[in-house]
Amino acid sequence: MTDPSYRGQILVFTTPLIGNYGVPHNQTPVDSYDVGVLLESKGIQCAGVIVADVADRFSHHQAVESLADWCKRHNVPGLTSIDTRAVTRLLRDQGTTLGRIAIGADADLPAPQSADYWDPSKENLVDQVSTREPYDLNPSGDIKIAVLDFGAKANIVRSLVRRGAAVTVFPWNYDFNKVRNEYDGLFLSNGPGDPMHCTEAAMKLRTTIQEWDRPIFGICMGHQVIGIAAGLEAYRMTFGNRGHNQPVLALANSGSIKAGRVYVTSQNHQYALTLQDPFPQGWEPFFINCNDSSVEGIKSTSESGKQVWGVQFHPESAGGPLDTIEMFTDFVNTCRAGKKSRRV
Numbered sequence: 341m342t343d344p345s346y347r348g349q350i351l352v353f354t355t356p357l358i359g360n361y362g363v364p365h366n367q368t369p370v371d372s373y374d375v376g377v378l379l380e381s382k383g384i385q386c387a388g389v390i391v392a393d394v395a396d397r398f399s400h401h402q403a404v405e406s407l408a409d410w411c412k413r414h415n416v417p418g419l420t421s422i423d424t425r426a427v428t429r430l431l432r433d434q435g436t437t438l439g440r441i442a443i444g445a446d447a448d449l450p451a452p453q454s455a456d457y458w459d460p461s462k463e464n465l466v467d468q469v470s471t472r473e474p475y476d477l478n479p480s481g482d483i484k485i486a487v488l489d490f491g492a493k494a495n496i497v498r499s500l501v502r503r504g505a506a507v508t509v510f511p512w513n514y515d516f517n518k519v520r521n522e523y524d525g526l527f528l529s530n531g532p533g534d535p536m537h538c539t540e541a542a543m544k545l546r547t548t549i550q551e552w553d554r555p556i557f558g559i560c561m562g563h564q565v566i567g568i569a570a571g572l573e574a575y576r577m578t579f580g581n582r583g584h585n586q587p588v589l590a591l592a593n594s595g596s597i598k599a600g601r602v603y604v605t606s607q608n609h610q611y612a613l614t615l616q617d618p619f620p621q622g623w624e625p626f627f628i629n630c631n632d633s634s635v636e637g638i639k640s641t642s643e644s645g646k647q648v649w650g651v652q653f654h655p656e657s658a659g660g661p662l663d664t665i666e667m668f669t670d671f672v673n674t675c676r677a678g679k680k681s682r683r684v
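So, in structure tokens, the structure goes:
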């Protein structure tokens with residue numbers, strides 16, 4: 341619920357009982373790097389919540405309020421006593437759809453076909469969740485990595501600083517080319533909505549890729565922005581890929597990733613990059629989804645002389661599979677090796 345990638349969405353929980361652990365304090369504790377440890381952002385990001393049964397009482401040593409009270413405080417509507425299995429089957433069979441939470445007698449509500457629905461995909465949701473000003477974390481790190489914030493989860497930033505990097509987080513549309521030579525690598529974060537709203541960032545990134553020879557790594561929205569910069573197109577999927585058990589097949593070797601191996605990943609995306617043939621010059625598919633053959637990763641070819649990777653899934657998934665977590669180590673170590681070679 342606090343993941344910025346869910347901005348503007350109504351979440352349907354398939355677990356029957358939700359809220360029995362309660363909710364921690366909104367001013368979530370931070371770790372030694374000043375990164376929040378209990379929430380992925382500072383508040384609820386989704387537009388609504390639907391559950392089968394909500395717990396009236398909660399029990400956890402870090403909890404300070406119930407799920408219902410938390411939602412009320414953030415003005416996020418919720419529905420309970422709903423047959424979420426039926427809703428899940430509907431979404432499974434018909435795909436992701438627009439919806440609304442309305443209160444009142446059935447006779448007073450507009451027919452679904454006649455109602456005007458707010459479509460979050462038509463808005464630049466990234467601009468709503470991105471930082472407004474740059475900020476630094478772990479300034480004593482031995483390498484400097486810039487993060488373009490399209491809606492970065494706390495655990496993504498933590499995954500970088502935990503590996504010894506000094507991190508500067510920039511707004512999503514910041515012109516990194518102005519300061520690129522001050523950094524050893526560039527990271528593009530996850531984020532919500534339609535990646536075509538981020539073409540401004542993609543065009544700036546295209547210049548970065550063409551003129552800069554240092555490592556670039558993108559996740560989720562960051563991966564899609566890299567793809568657009570490379571010349572690929574993004575499209576809206578009928579169903580999207582979500583869940584903690586999405587298998588992907590690696591098509592190329594890169595660091596800890598071995599071609600031909602299947603990795604179980606955590607995913608949450610409604611948009612994907614097209615699998616074009618031929619692929620743009622200097623680029624190759626990195627991962628494909630084993631279920632629907634959608635593109636789950638791209639990378640620069642060895643012949644291009646670039647070091648750019650993008651993955652649609654979340655290697656850092658907290659509470660999910662960690663098959664690909666070492667991609668963060670690969671990225672940081674590549675940045676570190678590049679810095680060392682420039683000193684020689």
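The sequence shown begins at 341 in our numbering and counts up by one. Heads up, the beta-carbon is just placed ideally off N, CA and C, and yes, glycines get one too. This structure is a prediction, so every number in the text was calculated from the model and none was measured.
State yes or no: is the C-beta of residue i within less than 7 Å of the C-beta of residue j?
i: Ser499; j: Phe627; result: no
i: Thr471; j: Asp446; result: no
i: Ala392; j: Thr424; result: yes
i: Leu589; j: Cys630; result: yes
i: Gly348; j: Pro460; result: yes
i: Ser681; j: Gly491; result: no
i: Glu624; j: Thr641; result: yes
i: Ala494; j: Val363; result: no
i: Ala542; j: Val565; result: yes
i: Thr548; j: Phe516; result: yes
i: Val672; j: Ala506; result: no
For residue i, which three-state DSSP category applies?
i: Lys370; result: In the sequence under discussion, the amino acid at residue 370 is Val, which differs from the Lys named in the question. Residue state, collapsed to three classes: strand.
i: Thr508; result: strand
i: Tyr514; result: coil
i: Val604; result: strand
i: Tyr575; result: strand
i: Lys382; result: coil
i: Asn495; result: helix
i: Pro685; result: Beyond the ends of the chain as shown, which are 341 and 684, falls residue 685; an answer cannot be given.
i: Gly567; result: helix
i: Arg683; result: helix
i: Pro344; result: helix
i: Arg676; result: helix
i: Gly558; result: strand
i: Val375; result: coil
Is it the case that the CB of residue i approaches a heavy atom of the ligand ZN more closely than 6 Å?
i: Ser399; result: The ligand content of the structure shown is nil, which means the ligand ZN is not present either.
Report the CB separation of residue i from residue j in whole angstroms; it is logged as a contact under 8 Å.
i: Gly383; j: Pro417; result: That pair is no contact at about 15 Å.
i: Val469; j: Pro511; result: Contact flag wrong, Cβ pair sits at about 11 Å.
i: Val427; j: Val352; result: 5 Å
i: Arg554; j: Gly678; result: 6 Å
i: Tyr337; j: Arg440; result: As displayed, the chain neither begins before 341 nor continues past 684, which places residue 337 out of reach and without an answer.
i: Gln385; j: Asp343; result: 6 Å
i: Glu540; j: Asn521; result: That pair is no contact at about 22 Å.
i: Ala592; j: Lys639; result: 6 Å
i: Gly444; j: Thr578; result: In fact, because the Cβ distance is near 31 Å, the residues do not count as touching under 8 Å.
Would residue i pass as an interface residue toward chain C - the criterion being a Cβ-Cβ separation below 7 Å?
i: Pro618; result: Chain labels in this structure do not include chain C; a single protein chain is all it has.
Whole runs of the alpha helix (DSSP H) within the segment 519–556, excluding any shorter than 4 residues | Fully enclosed alpha helix (DSSP H) runs of 4 or longer: 539–551.
Inter-stretch contact at 8 Å, needing at least 3 Cβ pairs: the segment 516–528 / the segment 481–490 = Flag = yes, the segment 516–528 and the segment 481–490 touch.
Do three or more CB pairs link the segment 528–536 to the segment 658–665 at distances below 8 Å?
-> At 8 Å Cβ cutoff, the stretches do not touch.
Answer yes if the segment 557–564 comes into contact with the segment 642–651, meaning at least three C-beta pairs across the two stretches below 8 Å, and no otherwise.
-> By the criterion of at least three beta-carbon pairs nearer than 8 Å, the segment 642–651 is in contact with the segment 557–564.
May I ask you to verify whether the segment 629–638 touches the segment 461–477, counting CB pairs closer than 8 Å and requiring at least 3?
-> Counting Cβ pairs under 8 Å, fewer than three are found: no touch.
Touch test, the segment 402–418 against the segment 350–361, Cβ-Cβ under 8 Å, three pairs minimum = Touching, yes, given that three or more Cβ pairs across the two stretches are closer than 8 Å.
The segment 597–610 contacting the segment 577–585, beta-carbon criterion three pairs below 8 Å | Output reads yes: the segment 577–585 touches the segment 597–610.
Inspect the CB distances between the segment 614–621 and the segment 561–576 and report whether three or more fall short of 8 Å.
-> Touching, per the Cβ criterion.
What are the uninterrupted segments assigned as beta strand (DSSP E) that are 3 or more residues long and contained completely in the segment 392–449, given in chain order?
-> Qualifying beta strand (DSSP E) stretches, in chain order: 403–405.
Can you list the beta strand (DSSP E) stretches of 3 or more residues lying completely in the segment 600–674, in chain order?
-> Runs found: 602–613, 623–629, 635–640 and 648–651.
Beta strand (DSSP E) runs wholly inside the segment 451–480, at least 3 long, in chain order = The qualifying runs are 475–477.
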